[in-house]
Amino acid sequence: MIGAIYNNTPSGFFDGYLDQVLVVTRAKAASEILVDASLVCYYSFDANSTYDSGPLGINGSTVNVAAAVGSGRVSDAISFTTPSSYYTFGGLRLLGIDNQPYSISVWIKPTSVSGGTIVHVSKCNNNCGTNWCLAYMGFSSSGQIVIQSWNYLYFGSLISLTGPILSTNVWTHVVNTYSTCNGIRLYLNGTLYSQSTSFTYMSSSAPNYMYLGNFPLIPCVAQANNIILMGQYYGLLDEFRLYSREITASEVMTLANP
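Under my numbering, the first residue of the sequence shown carries the number 2, and numbering increases by one thereafter.
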């Protein structure tokens with residue numbers, strides 16, 4: 002019985018919410034428990050590309066995205082070859098909380114680096130107008146990899162880190178982390194490339210949607226300082242993970258060497 006004590010008749014009822022109850026027949030390691038507690042979603046894009054292999058079961062959906070069977074960094078991947086192609090999922094409640102730490106890990110193999118949105122976060126999934134949104138990861142017009150976040154101190158003020166121009170048709174592991182202590186950090190192929198100073202993250206204050214490969218809606222709020230040239234990402238994408246904490250450098254290195 003879950004939610005009460007049963008001694009002939011139920012009593013001692015639990016008052017609140019429960020979710021994702023799972024019973025396993027062994028003692029889990031501490032590292033496994035940490036994953037259960039902080040891995041928001043994990044898309045391997047193997048076989049069923051929309052399936053979330055993480056503990057929460059946040060399955061995604063695709064528009065004009067093709068399966069790249071056997072062409073992934075690990076097994077299969079998804080391919081963005083046409084305009085208006087994207088992968089999306091929602092219900093990201095923790096990402097909609099101010100100062101909430103997060104980490105994004107992804108393998109990309111671009112066929113073009115002349116702009117393009119890799120990861121975009123939005124408060125809405127239709128008719129966004131002036132709602133909150135931001136391209137978290139993408140390419141500049143000159144082909145540099147860029148990560149961004151909102152600074153709470155000044156509404157509309159972006160914190161950005163610009164990396165190198167990435168090679169096309171080559172797999173690159175990219176990690177974007179945030180915490181109030183360390184700000185945002187950009188890791189490339191397991192190595193810390195750049196980091197900002199500490200800042201307070203301004204969230205949407207609502208559950209968010211995430212888009213991979215493109216943001217198909219009209220940009221939400223004015224982003225005059227947006228370094229990412231928003232638009233279609235062209236290439237392969239594999240092994241996407243979102244965490245509700247700042248993962249460590251050693252964890253990044255492990256993810257960069259699957």
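We put the CB at the ideal spot given by N, CA and C, even for glycine. None of the values given here were measured: they were computed from a predicted structure.
For residue 203, three-class secondary structure by DSSP | When secondary structure is reduced to three states using DSSP, residue 203 falls in the coil class, being assigned neither helix nor strand.
Distance, residue 60 Cα to residue 239 Cα | Rounded to whole angstroms, the separation of the alpha carbons of residue 60 and residue 239 is 15 angstroms.
May I have the straight-line CA-CA distance separating residue 187 from residue 41, to the nearest angstrom?
-> Between the alpha carbons of residue 187 and residue 41 lies a gap of roughly 20 angstroms.
For residue 193, which residues from the same chain have a beta carbon less than 7 angstroms from its beta carbon, with the 5 sequence-adjacent residues on both sides left out?
-> Sequence-distant Cβ neighbours of residue 193 in its own chain, meaning closer than 7 angstroms and more than five residues away, are 186, 250.
Could you say which of 210, 219, 176 lies nearest to residue 253 if we only look at CA atoms?
-> Among 210, 219, 176, the Cα nearest to that of residue 253 is on 176.
Run of the beta strand (DSSP E) containing residue 250, from where it starts to where it stops = Element bounds for residue 250: not the beta strand (DSSP E) but the alpha helix (DSSP H), 250-256.
Rounded distance between the beta-carbons of residue 148 and residue 114, thought under 8 angstroms = The beta-carbon distance between residue 114 and residue 148, rounded to whole angstroms, is 15 angstroms. This is too long to meet the 8 angstroms contact definition.
Who are the near neighbours of residue 24 in its chain, counting only those whose CB is closer than 6 angstroms to its CB and skipping five residues on each side?
-> Nothing listed; no residue qualifies.
Which term fits residue 182, buried or exposed, when burial requires 16 or more other beta carbons within 10 angstroms of its beta carbon?
-> Looking at its Cβ environment, which holds fewer than 16 other Cβ atoms inside 10 Å, residue 182 is exposed.
Just confirm the distance between the C-beta atoms of residue 103 and residue 179, as a whole number of angstroms; I'd bet it's less than 8 angstroms.
-> Yes, residue 103 and residue 179 are in contact; Cβ-Cβ is about 5 angstroms, under 8 angstroms.
Alpha-carbon spacing of residue 96 relative to residue 29, whole angstroms | Going from the Cα of residue 96 to the Cα of residue 29 covers about 27 angstroms.
Since residue 108 is in the beta strand (DSSP E), which residue starts that stretch and which ends it?
-> Residue 108 -> beta strand (DSSP E) spans 103-111.
Look at residue 191 and residue 116 and say whether their C-beta atoms are less than 9 angstroms apart.
-> 9 angstroms or more divides the Cβ of residue 191 from the Cβ of residue 116.
What's the call for residue 184, buried or exposed, on a 16-neighbour Cβ count within 10 Å?
-> It is buried - the Cβ of residue 184 has at least 16 other Cβ atoms within 10 Å.
Have a look at residue 260 and residue 71 and give me their C-alpha separation to the nearest angstrom.
-> Since the first residue of the chain shown is 2 and the last is 259, residue 260 is not available in this structure.
For residue 1, the three-state DSSP class (helix, strand or coil) | Not covered by the structure: residue 1. The range shown for the chain is 2 to 259.
Measure the C-alpha to C-alpha separation of residue 162 and residue 65 and round it to an integer number of angstroms.
-> Looking at the two C-alpha atoms, the distance is approximately 30 angstroms.
Look up residue 145 in the DSSP assignment and give the residues it is bridged to.
-> Answer is 166.
In whole angstroms, what separates the C-alpha of residue 137 from that of residue 230?
-> Taking the straight line from one Cα to the other gives about 12 angstroms.
Starting from the C-beta of residue 101, find all residues in its chain whose C-beta is less than 8 angstroms away, skip the five residues before and the five after it, and write them out in chain order.
-> Taking residue 101 as the centre and dropping the five residues before and after it, the same chain places the C-beta of 95, 202, 204, 245 closer than 8 angstroms to its C-beta, in chain order.
Residue 242: first and last residue of the uninterrupted beta strand (DSSP E) it sits in | Unbroken beta strand (DSSP E) run through residue 242: 236-244.
Should residue 259 be labelled buried (16 or more other beta-carbon atoms within 10 Å of its own) or exposed?
-> When all chains shown are included, residue 259 counts as exposed.
6 angstroms Cβ shell around residue 54 - same chain, five flanking residues per side excluded | Closer than 6 angstroms at the Cβ level, and outside the excluded window around residue 54, lie 43, 45.
How is residue 260 classed by DSSP in three states: helix, strand or coil?
-> It is not possible to answer for residue 260, since the shown part of the chain is limited to 2 through 259.
Residue(s) in a DSSP beta bridge with residue 139 | Residue 139 pairs with 118, 147.
When the Cα atoms are used, what is the spatial distance from residue 146 to residue 112?
-> C-alpha separation (whole angstroms): 14 angstroms.
Going straight from the alpha carbon of residue 139 to that of residue 218, what length do you get?
-> Going by the C-alpha atoms only, they are around 16 angstroms apart.
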